[in-house]
Structures are given as structure tokens and as C-alpha cells.
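Heads up: the protein sequence lines correspond to chains A and B, in order. If you read the first sequence in the numbering used here, its first letter stands for residue 3, the second for the next number, and so on. If you read the second sequence in the numbering used here, its first letter stands for residue -3, the second for the next number, and so on. Even glycine gets a Cβ: it sits at the ideal position worked out from N, Cα and C. What follows is a set of notes on a single structure, which appears directly below.
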Amino acid sequence: MTPPAGATAEPTPTPRTAPPQEVEAITIRFAGDSGDGMQLAGTQFTNTSALIGNDIATFPDFPAEIRAPVGTLAGVSGFQVHFSSQDIHTPGDVLDALVVMNPAALKTNLKDLQPGGILVVNSDSFEDNDLKKAKYTSNPLTDGSLAGYKVIRVPISKLNREAVKEAGLSSPKEQDRCKNFFALGLVYWMYERPLEPTLKWMKDKFGKKAEMLPVLEANTRSLKAGYNYGETVEIMPVQYKVGKAKIAPGRYRKITGNEAISLGLVAAAKAANKTLVYSGYPITPASGVLEQLADMRRWGVKTLQAEDEIAACGVAIGASFGGAIGVTGTSGPGICLKSEAINLAVMTELPLIIVDVQRGGPSTGLPTKTEQADLLQAMFGRNGESPVCILAPQSPVDCFDMAYESVRIATQFMCPVFLLSDGYLANGSEPWKIPDVEKLPKIEIKHPTEPNSDGTQFHEVGDGVQGKYLPYKRDQYLSRPWAIPGTPGLEHRIGGIEKQDVTGNINYEPANHEHMTHTRAKKIENIAHTIPDLEVNGPADADLLVIGWGGTYGSIRAAVERCQRKGRKVAWAHLRYLNPMPKNTEAVLKRFKKVLVPELNSGQLLWLLRAKYLVPAEGLNKVQGRPFLVSEIEAAVDAKLG
Amino acid sequence: MAATSLPTLTTKDLTTDQDVRWCPGCGDYSILAQMKKALATPSVPKEKLVFVSGIGCSSRFPYYMNTYGFHTIHGRAPSFATGLRLANPDLQVWMVTGDGDGLSIGGNHLMHVLRRNVDIKILLFNNEIYGLTKGQYSPTSRMGTKTKTSPTGSMETPARPLTIALAAEASFVARTIDVDVQHLTATLQKAAAHKGTAFVEIYQNCKIFNDGVFEYATDKSVKADNLLYLEHGKPLIFGKNRDKGIRLNGLKPEVVTVGKDCGPDDLLIHDETLEDQTVATMYSRMVGPEFPEVLGVYRNVRRPCYEELLEKAITADVAKKGAGTVADLFKAEDIWTVE
């Protein structure tokens, strides 16, 4: 049986004989018009793959325009899934298979398909008009330009309409809306996946209301028709099989970074026995967190969609003043607006969590694309000297742990904590081992109920007053007490004006301001006493350290491990705590002859490391709105080691 | 409510040890004194009172009240006060702002807090000038007001705080003046008793940068002819001899002399409980010299507060699906087990 290649005719049905071929990992992308349901098809494929035991990582890629004109290049939406029988950390560099629903999707995605890769094409959407919209001057299906790929032409639109004509849908337009399921069914067959999880999902979603039953029927027929088409028509040289991954035992679910942040915040608030108050203003790619939390009423979560970014931050700080866990979430442009309010939390030393799901900037930039360029903004983007804690989750799953940790730090140290996620983590998903509730860290919060003045600290002596509440009397880490309104006898006032240490009274004295500036900085540095050391992964005699932060973890780890397998003397480390950094960071950096810092910016962590530790680190920088490919980092490591 | 069970506070209990730093003769002193009086007896317990402010002369207010207080950032006080109410709906939250803080830099937040009807008592000290920055025109400065930044006179139409509040669906709207201490105290008490956002504009004299701008309303010889005090259920009467009133002529108000132009029954009767804001808006647009300026409670209606609705939504969700545990939190449509 010869595989159809290049410009082939429609395949003729023949029974399949070849057994499935076992492969370690496959990367596949569904691409189509933003109205074609590609995100849904990709999500279903991912869920099914996870359910049958593969390790998975996903990367949705969609346009900023909700519905760009149909069939145009601007409107192409894609969903990439990497599934494997091995432990994987990225959504995959190059595609083994690409499913395109129209010429625009072909044009924008073909460059990522590896030579000889499988290209499934909806051949019904390659009419002159479709080609014109995608700016093709000749038909790629017939002009030979696809000769290097295994092209599988399927008249998806026609076959789908045929399949659903009896389902009771009212119009051809509605019938066409099922064609993503036809494509999905076909791909399920290609990779030997069961239909049951998706059929069950359809039933749950559409089977509850009588008026939705035709939709259920049509989608079911579409999915099965796609699968059966694959089985009956010999369209592929072989069927591929990806076995179960060796994954630590436990109960798993799939989770995106945004979901993990929501769950981490709620779980931490519960552990602290506190109300979570989350206020945000809709902004891509952070809106998901506000949406999820708004739907968590029965966990006592309180949300407010504020009138603007500033108010959202104000609501969070006001809630913290009142004794709740105040959180605001946004993306880079929103951080610009919140800066002044964040500084009020710095000055009044109140807990505040700021979720920044970074996207391409500056200004409106690339709303739906990922970037890591807000690190220095989080560090320095406010007036005056304004130290804050900065955390960065390294994977979708890690978003849970770091969100949880942000609550611990904000309340223990009475300070703002930035959580720097990014668009890639926010929308990407991976399997998450559901944590054991009993084993989640405890978060203990004590609100004073009695006055704390005993004449033992500096300004108290001058006052000679005992039995007063002193809002800025500090503990061993320099954190101040959190007395909350409603507590009798502890009435006090706080605000943004510089204040005397210990008493919190307004104070403009030069020496006091310097003392307070240093105290605020020292307090943030003290967080380092409570965080884990930076872990180094690699041979003890490595010449090169590759160190990163945030969402580049998967690519860095995969690339360095690949180099290590080739015998390269290279190690990797990943910073999840960026301010303060772990105490051993300097020692780690100075152990290596060479340090490489891959970042999706022009060198922001690099700038900090060089400034703080005087190390000759070098950057590997990419600012294209897309994550690193593993091969890009691998090539850089090879180049460094000669 | 059992008034006898409430604590009795004195104004001294509500005074802090901080020196008051307003200029001598500032209208803010009077407001501070009346605020303490209004809260003194009977009051909610002191620890449940919170004063939140923005930036400006008026916003120093929290430092002088021996309650919980939060001096926040310019114009944004409504957001902090909202967050506080979400965290603890048991607190009585007061917000102090000014014409610059509340209507210029904070105009957006003011509109939305009123619309959401968060249970906060907002006091807008209107002195028609930027005082703390030493005398620039504000959004309420009258056309032609000469200041350092408007040397030839302000060229902007002034904002009308109460018109804005009514347009933003405020459920309680009132106006009073710093020097009429009895009316001021009574108005503050009515605001305190309101459930929902209470918005009170207080005419306040800035002794240094805008002295005498409200002279028509404070000068004993003319004020009775220039001010009209609203009373719920009573006709709109004013004037030194209490013989002038407001009558509706179609949709327009007109000043009439009772006994000469009409009888007392022809006058407009004030009803603060009207759902429709048309008449209240009309009051807010009456300015001298054609009309008396209207003091008192314009509007006082009950509608649900954001935080009440949120609590209800939580209660309803808990009733329907049970209180959420952390274990529930982790559930998903598809869970699989790896052996």
C-alpha cells in the first residue's frame, strides 16, 4: 500500500491490513478558522489522550480577533497537543501531523510540519474564493507544493453533511458546525484513541435539554463518521499507537495554568481559614481566572469585576485591610495602571497578591501571545523604592503551588506578592496529580486582639505609653501585625504617607524615611529564609549552567536533558522565586564557568543576575510571542560548549 | 433596633492624639466636630467604624477620628472602601473625599460605587478648589474662577456632584453646608442610617484659596433667600419670611410667592422616596440667583447592595450544591487513576 503523497486523487476505500506502529510521542495540531471549533477538537483530543494514560502538554494559539473575516489568515486558530509514552515538558517543537480546515490554516501552519509529516486537509474548502482569501495564487493541493508531505485529502464538509443530514438540524450552516467532530473522529482513528470520552462529554453537554438533542445526535454522528471513514478508507499508510506513559501513581486530572492559579488561591484561602476576595478587569490572557473564581461561590469566594484595573487593585487592598485574602489579576497593561495602588500596599504593609499573566508588549502589544517581559516592571515599575516579592510558576501545574505559596508569603510578610504567569502557562495544560488535601501546607494567620505596646521598642519609650496598639511593631522577619477593623481597642490609621516605625504615625524626618526604606527592603529579603534552595540538575563537573524562570521551564529542561544524554557537561536550574532569590543562588551561579539565561524577552533575568551577582552570564533571547522550541535551546547549548 | 443596647460614645472617645493640620478657619473643622457628634450617641461600636479617604485636604480626615482608618490614593477611595465591605459586611464604612479627588481623578470610581450601591457613606467636601496643591481650579469651580492655572478664569462648565450621583443611580443623595451645624449633624445621621451608598455633598469653605465662594449661603442677611431646606412630605418653601416656594410649571420649576402667585397647596411637595430621579435631578440643577440652592435629603430609596447580593448568591449556591470543600475543589469532568 503506497501512502498518498503530494497531489493525490481522492482515496478509494480498501480495508486496512497493516498493524498499528508503536511510536514514543506525537505532536499534532488542529488548525482552522476561529469559528471552526479547533480549540474544542484539540481539548477533546487532549482529554482522551490523558485518560488513556499518555503524558500530555498542549499549546492553544488563537487570534486576538474573536471572529476575523471567515477564511482569512488573521482568523486562523490552532490547538497543538503533544502526547507521549514518556515524561514530557513541552507541547512539542515540530508537528508530526497537521489538520487544516481551510487554505488560510494551511498557509499559516505548514511551516511547523516536519518534512514527510502527515497533512490532513479538508479538500472541500479549497475553492477559488477560499484560496483568494488566504492569498494563494495557485491551489497548493494541485500545484505540487505539498509534495514533501503525506497529504490526506478528505472532503470533510461534504462527508459531514451527509453524515448528519438525518440528525434533525435546521440548516446546512448548523450541520457544518459539526465538522470539527468529523475531523476529530478521523484523528482518533489515526492514533487509535477511543471515542467514548468524547461521546460521554457530548451527552453531558447536549443531552439534558430536548431542544439540544438534534445537536447531540449530529455531533455523535459526525464523530463516528470521521472515525469510520478512517477505518474503512485506507487513507493512512499505518495507524500510529502511543503507549501509556510511566507516570507516578495517583489520581490525575488535566489543568491549565489559569485554572491552577484559581484553585491554588482558593485552597490557600481555605487553609488560612480566610475569605478570598478577587477583583479583576477583563483582560486577555488573565480573564479566565476571574471567570473561574466568579463561579466558585459555594467555596465562599467573593469576586468583583471592577470598573477598571486601578479599582480592581484597590478592592483587593481594601479587602486585605479588612482581613480577607485580597487578590487582583491582570496582564502587563493592567499592571501599569495598578502601580500606584500596589505602592500603597508596599507602604501600608498589607498582604496583596497580584497575578500578572504576561503577554507580548509594550502597550497593547500581542494580547493573545506569550512573553516574559514584565519581570523588571514587577521589580521596579513603581515610584520610589518599592520592594515586592516576585514568584513565577514554571508550568501549568506549578501555578497551583505558587499561587498557594503567594498567599503564605503575602500574609506572613505583610507585603505585595507578584505571581508572574504568562499566556503560554495560562492556556497550556498538562496532567495534574490531584494533591492530598491533608498534605497541603498549613497557613497560619494570627490577628492581634490585644494592644502590643510594652515599652520595649524604640518609639514606644519616647511615648511612655503602654497598652496601645502599635501597627508597625515588627516580628523577627520585620513583618508587622495585621490587626483588622472590628477588633476592639486596636483602632488605628494607616495610609500612603511615610510613617514612623513602630507607631505608624505620619513622619517626615529624614532619618526615619531612610530607616523605613531599608526596613521595607530588608523585610522582602527576609522572605529568603523561608523558601527552598535553588536546585541544580546535572553532572557535578558541568561547564555550563542553563538557568531560566517561569514558563520556559519545559523547553529548558527538555533541551538540557537531551544534551546531557549526548554526553554534554551541562546542568540546568530554574528560578521560581525571583525576589528574593533563593539564598544559594549566588553560590550556584559561581560554580559554573559559563551561565546561559534563556528568556522570552531581551534579557531581564540576565540583567538582574549580572547586576546582583557580578557573573558573566549570557542571554538566549526570543521575543516572537511564542515559546522556545527545545531545539533552539539545544542548539545554543551546543554552541556554548563548542 | 434596641437603641439602649448600643454603646454611648463621647466626642472625646472619637478624637485621636494627632494634631489637626488643617488651616485655621477651614470648614473641615466644623465637619469633623459634627461627624463626631453624629456618631457619638447612639453609635455602632467604635471598632466597627472605618474612615477611608483618598488624597486632598479632606482626605486627612481619618487621621483625626479615633476609629479604624485608611488614607489611600488619589481618587480611588471607593475601591478600597468596596473591598473592605466585601471582606467584612459588619463594618460601618465612611468615605471622605473632595471635589478634585471624587469628581476629577476619581470620577469613574464614584460613578460605579454608586451604581453598585455598596453600603458606604460618602462625604464629598466641595470647596470648588484644589487646596492641598495650593489653589488650582477644580471640576466644580464656577466658570470664570481665577486661579493659578486659570489666570483668565476657568473655561470649563462645572460638574454638579448631585446631578452626577443621581445619574449614577445613587440610592441616598443629600446636600448640606459646613456652617449649619445642626443640619450637618442631622444629615450625617440620616446618611448613617441609610442602607446602601449614601452620597452627601457638603459645601465647605476654603479659607485660603477660595474664601467666600459660598457667602450667599452663609451670610445671615441673605442666606434664607438663597437656600431651600427640603423636608420629606412638606412643600418646598424658603425665604426670610417663609413666603416663597417652588411650583412646577409643566416640567419646569418656578419660584412663586405664596399668597400672591398661589396658595400653599400649589407648591411642590418633597418626596425623598420617589424611585424616579427626575424631580431630585431638577433640585440638583437649581442654582442662584434664579433659584435657591437646595439642601437636605434629595433621595432616599432602598435597593439591594452589591455585597448583600453577593452574600445571597453564596448562600444560594451553598444551599444548592453544599459548602465547597478543598477536596471538591479539585474535582473535574475527567479524572483518571494511574496505578
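Helix, strand or coil for residue i, going by three-state DSSP, please let me know.
{"i": "C258/B", "result": "strand"}
{"i": "C22/B", "result": "coil"}
{"i": "P58/B", "result": "helix"}
{"i": "M91/B", "result": "strand"}
{"i": "V217/A", "result": "helix"}
{"i": "P15/A", "result": "Because P15/A carries a pLDDT of 45, less than 50, the predicted location of this residue cannot be relied on, and the following value inherits that uncertainty. Reduced to three states, the DSSP call for P15/A is strand."}
{"i": "D98/A", "result": "strand"}
{"i": "T4/A", "result": "With a pLDDT of only 39 at T4/A, under the threshold of 50, the placement of this residue in the model should not be trusted; the figure read from the coordinates follows. Of the three classes helix, strand and coil, the one that applies to T4/A here is coil, per DSSP."}
{"i": "S36/A", "result": "coil"}
{"i": "S86/A", "result": "strand"}
{"i": "H105/B", "result": "helix"}
{"i": "Q23/A", "result": "strand"}
{"i": "R171/B", "result": "strand"}
Give the interface partners of residue i over in chain B, defined as CB-CB distance under 7 Å, in chain order.
{"i": "W301/A", "result": "G320 and L325"}
{"i": "D310/A", "result": "N104"}
For residue i and residue j, what's the separation of their Cα atoms in angstroms?
{"i": "G102/B", "j": "F183/A", "result": "50 Å"}
{"i": "V303/A", "j": "E168/A", "result": "46 Å"}
{"i": "E12/A", "j": "V156/A", "result": "The predicted position of E12/A is uncertain, since its pLDDT is 45 and thus under 50; a value taken from the coordinates is nonetheless stated next. Cα to Cα, the separation comes out at about 7 Å."}
{"i": "D114/A", "j": "V390/A", "result": "40 Å"}
{"i": "V122/A", "j": "T234/A", "result": "16 Å"}
{"i": "K1/A", "j": "T110/A", "result": "This structure cannot settle anything about residue 1/A, because the visible part of chain A is limited to 3 through 644."}
{"i": "Y60/B", "j": "I319/A", "result": "22 Å"}
{"i": "R300/A", "j": "F594/A", "result": "51 Å"}
{"i": "P584/A", "j": "T532/A", "result": "9 Å"}
{"i": "P5/A", "j": "Q177/A", "result": "Caution is warranted here: a pLDDT of 39 is assigned to P5/A, below 50, making its placement in the model unreliable, and no coordinate value can be reported."}
{"i": "T145/B", "j": "H108/B", "result": "29 Å"}
{"i": "K216/B", "j": "I233/B", "result": "18 Å"}
{"i": "E634/A", "j": "L148/A", "result": "26 Å"}
{"i": "A7/A", "j": "G334/A", "result": "Per-residue confidence for A7/A stands at a pLDDT of 40, beneath the threshold of 50, marking its modelled position as unreliable; the derived number appears in the next sentence. Roughly 46 Å between the two C-alpha positions."}
Interface residues of chain B around residue i at Cβ under 9 Å?
{"i": "I533/A", "result": "Going along chain B, no residue has its Cβ under 9 Å from I533/A, so there is no contact; the nearest lies around 23 Å."}
{"i": "F85/A", "result": "Simply none; closest approach about 14 Å."}
{"i": "K304/A", "result": "L82, A83, E303, L306, E307 and I310"}
{"i": "E342/A", "result": "I69, H70 and R72"}
For residue i, return the contacting residues in chain A, with the cut-off set at a CB-CB distance below 7 Å.
{"i": "K317/B", "result": "R300"}
{"i": "F66/B", "result": "F323, I496 and G497"}
{"i": "S167/B", "result": "Here the premise fails: no neighbours, minimum Cβ distance about 18 Å."}
{"i": "W332/B", "result": "A52, L53 and Y254"}
{"i": "N113/B", "result": "Result: empty, since nearest Cβ-Cβ is about 13 Å, beyond 7 Å."}
{"i": "A77/B", "result": "G320"}
Are the CB atoms of residue j and residue i within a distance shorter than 8 Å?
{"i": "E342/A", "j": "I69/B", "result": "yes"}
{"i": "Y471/A", "j": "P487/A", "result": "no"}
{"i": "E601/A", "j": "L607/A", "result": "yes"}
{"i": "Q396/A", "j": "R163/A", "result": "no"}
{"i": "K475/A", "j": "V504/A", "result": "yes"}
{"i": "V78/A", "j": "D35/A", "result": "yes"}
{"i": "T277/A", "j": "A326/A", "result": "yes"}
{"i": "W574/A", "j": "N539/A", "result": "yes"}
{"i": "I27/B", "j": "L224/B", "result": "no"}
{"i": "W2/A", "j": "Y151/A", "result": "No information on residue 2/A is available, as it lies outside the stretch 3 to 644 that chain A covers here."}
{"i": "H105/B", "j": "R56/B", "result": "no"}
{"i": "P287/A", "j": "G425/A", "result": "yes"}
{"i": "G331/A", "j": "S322/A", "result": "no"}
What does residue i reach in chain A if we use C-beta pairs closer than 8 Å?
{"i": "I242/B", "result": "Within chain A, no residue comes near I242/B; the closest Cβ sits about 36 Å away, beyond 8 Å."}
{"i": "E43/B", "result": "P487, G488, T489, P490, G491, L492 and E493"}
Quick one: list the residues of chain B neighbouring residue i, beta-carbon separation under 8 Å, in chain order.
{"i": "L265/A", "result": "L325 and F326"}
**Study point:** Cβ contact (3+ pairs, closer than 8 Å) linking the stretch 263 to 274 of chain A and the stretch 195 to 210 of chain A
**Key:** Verdict: no, contact absent.
Check your understanding: How do the stretch 282 to 290 of chain B and the stretch 219 to 239 of chain B stand: do at least 3 beta-carbon pairs fall below 8 Å, yes or no?
Key -> Between the stretch 282 to 290 of chain B and the stretch 219 to 239 of chain B, the count of C-beta pairs closer than 8 Å reaches three or more; the two stretches touch.
Check your understanding: Is the number of C-beta pairs between the stretch 153 to 171 of chain B and the stretch 6 to 21 of chain B that are closer than 8 Å three or more?
Key -> Touching, no.
Review point. Just checking, does the stretch 62 to 82 of chain A make contact with the stretch 126 to 143 of chain A on the three C-beta pairs under 8 Å criterion?
Key: Taking one beta carbon from each stretch, the stretch 62 to 82 of chain A and the stretch 126 to 143 of chain A have 3 or more pairs nearer than 8 Å; the two touch.
Point to revise | Contact the stretch 308 to 326 of chain B vs the stretch 240 to 251 of chain A: 3+ CB pairs below 8 Å | key: As far as the Cβ criterion goes, the stretch 308 to 326 of chain B does not touch the stretch 240 to 251 of chain A, which means the pair count is below three.
Check your understanding: Is there contact between the stretch 169 to 183 of chain B and the stretch 196 to 206 of chain B, where contact requires at least three CB pairs shorter than 8 Å?
Key -> Yes: at least three Cβ pairs fall under 8 Å.
Exercise for review: Mind the definition here: the stretch 109 to 117 of chain B touches the stretch 335 to 353 of chain A only if three or more C-beta pairs lie below 8 Å; say whether that holds.
Suggested key: Cβ pair count under 8 Å is below three, so no.
Review point. Would you call the stretch 56 to 75 of chain A and the stretch 215 to 228 of chain A in contact, with 3 or more CB pairs under 8 Å?
Key: With the cut-off at 8 Å, the stretch 56 to 75 of chain A and the stretch 215 to 228 of chain A do not touch.
Review point. So, do the stretch 93 to 109 of chain A and the stretch 32 to 52 of chain A have three or more beta carbon pairs nearer to each other than 8 Å?
Key: Yes: the two stretches touch, three or more of their Cβ pairs being nearer than 8 Å.
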